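Note sheet for the following structure.
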Amino acid sequence: MLKIENLKVRYGGIQAIRGISLEVPLGKIVTLIGANGAGKSSTLRSIAGLVKSKSGTISWKEKNITTMLPEEILAQGVALCPEGRRIFPQLTVLENLKLGAYIRSDKNAVEESIERAFKLFPRLKERSWQKGGTLSGGEQQMLALARALMSDPELLMMDEPSLGLAPLLVEEVFRVIREINKEGKTVLLVEQNAFGALQIADYAYVLEVGEITLEGKGEDLLRDERVISAYLGG
Amino acid sequence: MKHSTKIILNIALIACFGVFLFWAQGNLDGYKVQILNLIAVNTILALSLNLIYGYTGMFSLGHAGFMAIGAYVCAILILPAAQKEMMYILEPVIWPFSVMHAPFFAAVLAAGLVAALLGLLIALPVLRLGGDYLGIATLGFAEIIRIVFTNITPITNGALGLKGIPAYANLPWNFFWCILTIYVIVKLLSSNFGNCLRAIRDDEVAAKAMGINTFRCKAISFAVGAFFAGVGGALMGSLITTIDPKMFNFQLTFNILMIVVVGGLGSITGSVIGAVVITILLEWLRFVEYTVEIGSFVIPGVPGMRMVIFSLVLLLIILYRREGIIGGYEFSWDDLVKRVNARRGRK
């Protein structure tokens, strides 16, 4: 289980996160929804070790990972698929995937992971020799997801995977997330698309200007009036 | 193509080139041989900057500084003690620099190592900076080196510089180091480490999220680049036999940057071809600086005019052909075979 207690993050003089606590049980999909600037990305980046100025404790499977380096956290089985895809545009699809497995040394297992990624995303196999930058937006998002899975993480954190995608592709992304979850991976999902996220989430937290204001089961929040008026356009 | 075939082809290519060099040494005049030498040295320098800037994305303007370090370390090591004693007229040369002596190969190696060490030293604080800030910081570093070398007279002979450096850097030596540089950098970049460097260049945050220790990779890349810049500086010093601190100004860095950009950022083939083209053009374009007489009309020559032309060319390339003159193409035997076969198929 991933457990966050009283996490605070400062950027310059601004308090981006004002002491939040949350839990992600193993094997579940947990989502964090909220408006722009609520601190969703900061939370994920803190867990991944990309933010240094933080206080509070983050523990993964009873182990304190608060002060670990990004590569150490990844080695613990916690991977981040960053916001805005951030694939490597000058590297081929295959090279992108291989870099996703950078921390793994077992070559056969990496080959297997590549096969698995191609099975999950057949389009990537067709384009394995193309440069990442030449893919379409949807394909890039698939590549970003596949790349994040290459380290074979137990917990996959996804930052706005549906951002800037056509409605049909958004559905596809949510379908893939559920599939990843079914394979036994724990998912922590950050989304602006609250409707889609709440539909697949086991549990959800609502973040507002750095504080958690609401939490509950995904389906319950879908019917919650405050959520409907603020995030679901009701 | 099989790996062993490629090795044989590489050796054959180097052998052919060796024969050409042997012929050039005997049959070309001194001026042309000197240009060939400069091509080798410029290739080394361009590749080292391309590793830092083109492949790792660190905008570094400190190359002249590393070259200065390399040139001075090598020169002090290969100058005979008696000659040093005579040359240092402002202040006598201090021990142990007065008696240091090493064979040429060891001196060039030492030049590279000292440059790499200093590169690593400044990498620790400045590599945390990104983009333009890194450019300014490394530019400052190069200036500091220049000023320090002007003022540590008992070691560097101050503003007078060092003269009569033994001219060991002939065609075989220069091209030996040139080919070694190409080999090392190609090996480095085709390994997984090379992919890490490119990943850092493309997106550093994403590279970190992949578990890549970006700082370590950047520091290694910077140090290797500094090493070969030091080697290039050492060869340059021995080639022109005279060095002084003023020589290692920003103009020198700019020339190398120009080769890298013209050849194409992130292309080894581009850097080699860029070095050949720019080195030859820099010499050939000297005619624009001569006084021209058309009948009774006299156009006075303007020193530095060729740099104006080069700056314009650079501007045009950045505007219209950002991937460099050869368009980001990278030479490989497989690709050559494919092209030849495609041509045969058409006939």
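Going down the list, the sequences are from chains A and B.
Numbering of the first sequence is given in my numbering, commencing with residue 1 and proceeding in unit increments.
Numbering of the second sequence is given in my numbering, commencing with residue 1001 and proceeding in unit increments.
Glycine is no exception: its CB is placed at the ideal position from the N, C-alpha and C atoms.
Note that the structure is predicted; figures quoted are calculated from it, not measured.
Listed along the chain, the chain A residues whose CB falls inside 7 Å of the CB of residue 1210(B) are 99, 100 and 102. Put simply, the backbone Cα of residue 1236(B) is about 58 Å away from that of residue 210(A). Within the stretch 44-76 of chain A, 45, 48, 49, 50, 69, 70, 71, 72, 73, 74 and 75 place their CB atoms closer than 9 Å to a CB of chain B, listed in sequence order. Nearest Cα to residue 1039(B) within the set 1192(B), 1280(B) and 1311(B): 1280(B). At a C-beta separation below 9 Å, residue 1202(B) has these neighbours in chain A: 86, 87, 88, 89, 90, 91, 132 and 133. Residue 159(A) sits in a strand when the DSSP states are folded into three classes.
DSSP places residue 60(A) in the strand class (E or B) of the three-state scheme. Approximately 5 Å separates the beta-carbon atoms of residue 6(A) and residue 19(A); this is inside 8 Å, confirming the contact. Straight-line spacing of the CA atoms in residue 202(A) and residue 135(A) works out to 32 Å. Using a Cβ-Cβ cut-off of 8 Å, residue 80(A) is close to 1209 of chain B, given in chain order. Residue 15(A) sits in a strand when the DSSP states are folded into three classes. Per DSSP, the beta-bridge partners of residue 186(A) are 155(A). The secondary-structure analysis by DSSP pairs residue 1293(B) across a beta bridge with 1298(B). In the structure shown, residue 1200(B) falls within a helical segment according to DSSP collapsed to helix, strand and coil. Residues of chain B whose Cβ lies closer than 8 Å to the Cβ of residue 42(A) do not exist, since the nearest Cβ in that chain is about 13 Å away. In the assembly as shown, residue 1335(B) is an exposed residue. Its beta-carbon has fewer than 16 other beta-carbons within 10 Å. Residue state for residue 98(A) is assigned as helix, using DSSP reduced to three classes. The beta carbon of residue 1050(B) does not come within 9 Å of any beta carbon belonging to chain A, so the residue lies off that interface. The bridge partners DSSP lists for residue 29(A) are 187(A). The C-beta distance from residue 1116(B) to residue 1077(B) rounds to 16 Å, too long to fall under 8 Å, and the pair is not in contact. The stretch 1097-1111 of chain B and the stretch 1069-1089 of chain B touch, with three or more beta-carbon pairs separated by less than 8 Å. Contact annotation: residue 39(A) and residue 17(A) have beta-carbon atoms nearer than 9 Å. Each residue's CA atom was taken as its position, placing residue 1208(B) and residue 1342(B) some 42 Å apart. The shortest CA-to-CA distance from residue 1051(B) to any of 1029(B), 1260(B) and 1007(B) is the one to 1260(B). Residue 81(A) has 158(A) as its beta-bridge partners, per DSSP. When secondary structure is reduced to three states using DSSP, residue 1062(B) falls in the coil class, being assigned neither helix nor strand.
By the neighbour-count criterion, in which a residue is buried when 16 or more other Cβ atoms sit within 10 angstroms of its Cβ, residue 1312(B) is exposed. For residue 1205(B), the chain A residues whose C-beta falls within less than 8 Å of its own C-beta are 50, 82 and 86, listed in chain order. Around the beta carbon of residue 160(A), 16 or more other beta carbons lie within 10 angstroms, which makes this residue buried. A direct Cα-Cα distance of roughly 23 Å separates residue 156(A) from residue 221(A). Residue pairing by DSSP places residue 1253(B) in no beta bridge whatsoever. If you draw a 10 Å sphere on the C-beta of residue 1001(B), you find fewer than 16 other C-beta atoms in it, and that means exposed. Using a CB distance below 9 Å, the part of the stretch 146-158 of chain A facing chain B consists of 147, 148, 150 and 151, ordered along the chain.
Chain A has a Cβ within less than 9 Å of the Cβ of residue 1198(B). The beta carbons of residue 231(A) and residue 1212(B) sit no closer together than 9 Å. Within chain A, not a single residue places a beta-carbon under 9 Å from that of residue 1151(B); the smallest gap is close to 39 Å.
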